[in-house]
Every structure is written in structure tokens, then in C-alpha cells.
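In our numbering, the protein residues as written are 127 to 203.
Worksheet: the structure to be examined is printed underneath.
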């Protein structure tokens, strides 16, 4: 289904024909426990040497960076 355009019912509307081999899954499922989750193993470079050295961040990891009102902080993705 990756790369396809479907409507709200899952019917393809991109003109590429029917979906082949598809697997149905629930949208709302219980999140896996902390032990079963994949560990963060790929580093993410922010481009700011100070941030990269003081607060190393892994790709997929969430990190809170707090600054004052006057500080211009941007969200890193």
C-alpha cells in the first residue's frame, strides 16, 4: 500500500488498479512494552556542535530542549 492513494474505505483512487496482497491491521493497538521496542541505535546530527556534544540524540528519540522566551529554538526532525 506504500505509495498508493486510497479513499477512506481503502479503495485505490490513483488509477493503478486493485491492491495486490494486502494485510489488514487494526489502527488502534496497544503499544509494545519497553523491552520489546527497538533501541535507538542511529545517531542524529543536529548541525549544532554544542547540542551534538552536550545532548547526543538518536534518530527516533524524543528529547526536550528548554529555552527562554527570547531564545529562538527550532524543532529538529
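Ideal Cβ positions, reconstructed from N, Cα and C, are used throughout, including at glycine.
Can you tell me the Cα-Cα spacing of residue i and residue j, whole angstroms?
i: residue 159; j: residue 165; result: 12 Å
i: residue 175; j: residue 189; result: 16 Å
i: residue 186; j: residue 134; result: 28 Å
i: residue 146; j: residue 162; result: 30 Å
Could you check what DSSP says for residue i in three-state terms: helix, strand or coil?
i: residue 181; result: coil
i: residue 131; result: coil
Could you tell me if the beta carbon of residue i falls within a distance shorter than 6 Å of some heavy atom in the ligand GDP?
i: residue 139; result: Although the ligand GDP was asked about, the structure shown includes no ligands whatsoever.
I'd like to know whether the C-beta atoms of residue i and residue j end up nearer to each other than 7 Å.
i: residue 231; j: residue 140; result: The shown model of the chain, from 127 to 203, leaves out residue 231, and the question about it has no answer.
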